[in-house]
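*Asks:* The sequence shown runs 661 to 734 under this note's numbering. Have a look at the structure that comes next, please.
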Amino acid sequence: MTDDAPVTDEPDIRQVDELLDDIYRGQERITQAEIYRRAVAAELPAELLSRIAALPEGEYAVDEAADLLGGTVA
Numbered sequence: 661m662t663d664d665a666p667v668t669d670e671p672d673i674r675q676v677d678e679l680l681d682d683i684y685r686g687q688e689r690i691t692q693a694e695i696y697r698r699a700v701a702a703e704l705p706a707e708l709l710s711r712i713a714a715l716p717e718g719e720y721a722v723d724e725a726a727d728l729l730g731g732t733v734a
């Protein structure tokens with residue numbers, strides 16, 4: 661296996677983590693709608709936007725959002 665081989669899910673995890681790091685800076689809880697709005701503004705891939713859109717409405721702590729979206733931020 662070469663270093664250029666695609667690693668499944670790694671870009672998604674990195675993008676989710678970067679998004680959550682950014683939007684939760686100084687915030688304890690964020691609504692699903694705000695997470696989605698910020699993800700659209702960050703031009704994340706459609707697959708990630710679909711995952712965010714599928715979250716039930718409500719507020720999420722960073723660890724809850726990371727668990728639901730497949731990120732590693734805690």
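The C-beta atom is built at its ideal place from N, Cα and C for all residues, glycine as well.
#1: Going by beta-carbon coordinates alone, are THR691 and GLY730 separated by less than 8 Å?
#2: Are the CB atoms of GLU688 and ALA721 within a distance shorter than 8 Å?
#3: Express the C-alpha separation of ASP727 and ARG711 in angstroms, rounding to a whole number.
#4: Look up ALA721 in the DSSP assignment and say whether it is helix, strand or coil.
#5: For ASP681, which residues in the same chain have their Cβ closer than 7 Å to its Cβ, ignoring the five residues on either side in sequence?
#6: For the beta strand (DSSP E) containing ARG689, list its first residue and its last residue.
#7: Sort ALA713, PRO716 and ALA699 by Cα distance to ILE683 and report the nearest one.
#8: Note down, in chain order, each residue of its chain lying with its Cβ closer than 8 Å to the Cβ of LEU709, except the 5 sequence neighbours on either side.
*Replies:* According to the structure shown:
#1: Along the sequence shown, one-based indexing puts residue 691 at 31. Along the sequence shown, one-based indexing puts residue 730 at 70. Contact flag unset, no.
#2: Here residue 721 refers to the residue found at position 61 when the sequence shown is read from its first residue. Here residue 688 refers to the residue found at position 28 when the sequence shown is read from its first residue. Going by C-beta atoms, ALA721 is nearer than 8 Å to GLU688.
#3: Walking along the sequence shown from the start, residue 711 turns up at place 51. Walking along the sequence shown from the start, residue 727 turns up at place 67. One Cα belongs to ARG711, the other to ASP727, and the distance between them is close to 12 Å.
#4: Locating residue 721 in the sequence shown gives position 61, counting from the first residue. The answer is strand: DSSP assigns ALA721 an E or B state.
#5: Counting from 1 along the sequence shown, the entry for residue 681 is found at position 21. Take ASP681, set aside five residues on each side of it, and the residues of its chain with a beta-carbon closer than 7 Å to its own are VAL733, in chain order.
#6: For the purposes of this step, residue 689 is taken as the residue at position 29 of the sequence shown. Note, ARG689: beta strand (DSSP E), 689 to 691.
#7: Here residue 683 is taken as the residue at index 23 of the sequence shown, counted from 1. Comparing Cα positions, the closest option is ALA699.
#8: For this step, residue 709 is matched to residue 49 along the sequence shown. The beta carbon of LEU709 lies closer than 8 Å to those of TYR696, ALA699 and VAL700 in the same chain, with the five residues before and after it left out.
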